[in-house]
Amino acid sequence: MLSVWWGDCCKATTCSRWGRETSPKWVPNCWICSRTRNHRVAKDRFSARSASRRRRKYGWVLAVLALAFVVAGVAWAAWSSSWLAVKDVRVVGIEHGSPDEIVALARVAPNTPLLQVNTREVAQRVGEADIVADVTVRREFPDALIVTIRERQAVGWIEKGSRPWAVDAEGVIYRELRSKPSHVPQLKVKPSNGQAVEAAAMVASELASADPTLLDRIKSISAKSQDSVELKLDGGKSVSWGGPEKTDQKVKTLLALLKVKATHYDVSAPERPTTRK
């Protein structure tokens, strides 16, 4: 009994027939046997949980890999598939130019995969057209490219090669006109004098914003340099405007001076205006 109490019962015994070690005998009331059994049960449970965790981990890894393969396949198909190729280039917002010319400038080959089109480069090429003030290019799935144009707006016209041409607020001579317009003033400036054209166009643009009624009275705007802009009004009157700065102050001064009978008004220095009969 004493040897059993100290754990002899837990030792392996030798089989009398085969001479091999057999499983230890378990004694119900032996605390060593109970502790050993509990330890083995806990160990088995831990091993089972570890194996379950490994199976779940491997399952997640396989699922992620499978999803990655699917995403890669879809991306490759979208990048190179003829189902998402350019079939149509649509031009929006153009009024005076030719949509065909814009499409030609875009230089997008038919059936080019839509995702392979560099929209920024297309916008740069289209922006080279004189008539274009701003352009945006976007993809419209599954097979279209949309080119949205904002045209330049004329603030005056200039005679170039005996033909009238539209001029925008930046002084860009951008479009030949069929006839001389009456809703914007003529810019009597040499087309080759870029700075003078820009100054005259800027004054016309600022007058249109500051006082459209005054702009209606202006027949032409001339300039030999940036600081020598002159206005021709109806009735043969003229105005020395100077440079394109202080527009609001000059407009107020000129409107007050026009109440005085004169043939020439000088508002180039609006703080010290003068008139000449």
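Residues 1 to 277 (our numbering) are what the sequence shown spells out, left to right.
All C-beta atoms in this analysis are idealised placements derived from N, C-alpha and C, irrespective of residue type, glycine included.
Rounded to whole angstroms, what's the CA-CA distance from residue i to residue j? Just pull it up for me.
i	j	result
Pro-164	Val-189	12 Å
Met-202	His-183	16 Å
Val-147	Thr-112	16 Å
Trp-157	Val-172	10 Å
Val-103	Arg-90	8 Å
Lys-259	Ile-131	40 Å
Val-239	Gln-124	41 Å
Lys-250	Ala-106	44 Å
Val-92	Glu-121	18 Å
Ala-75	Thr-136	Low per-residue confidence applies at Ala-75: pLDDT is 49, beneath 50, and the placement is therefore not dependable, though the value from the model is reported in the following sentence. Rounded to the nearest angstrom, the two C-alpha atoms are 25 Å apart.
Ile-94	Glu-151	7 Å
Ala-204	Val-126	27 Å
Gly-242	Glu-128	32 Å
Gln-186	Pro-99	28 Å
Glu-170	Glu-271	27 Å
Thr-253	Pro-181	28 Å
In the DSSP output, which residue or residues are listed as bridge partners for residue i?
i	result
Arg-138	Ile-146
Lys-188	Ser-222
Glu-230	Ser-222 and Ser-240
Arg-90	Ile-146
Trp-157	Ala-166 and Gln-186
Ala-85	Pro-113
Ile-173	Val-167
Asp-216	Paired residues: none, contrary to the question.
Thr-253	According to DSSP, which records beta bridges pairwise, Thr-253 is partnered with nothing at all.
Thr-275	Tyr-265
Val-103	Answer by DSSP bridge pairing: none, since Val-103 is not bridged.
Glu-151	Val-132
Tell me whether residue i is buried or exposed, calling it buried when 16 or more other Cβ atoms sit within 10 Å of its Cβ.
i	result
Thr-274	exposed
Gly-235	exposed
Ala-269	exposed
Pro-142	exposed
Thr-247	buried
Asp-266	buried
Gly-161	exposed
Thr-213	exposed
Ala-200	buried
Asp-134	exposed
Measure how close the beta-carbons of residue i and residue j come, nearest whole angstrom, since I'm counting them as under 8 Å.
i	j	result
Lys-232	Lys-219	5 Å
Ala-262	Arg-276	6 Å
Arg-138	Val-117	Incorrect: roughly 10 Å between the Cβ atoms, too far for contact.
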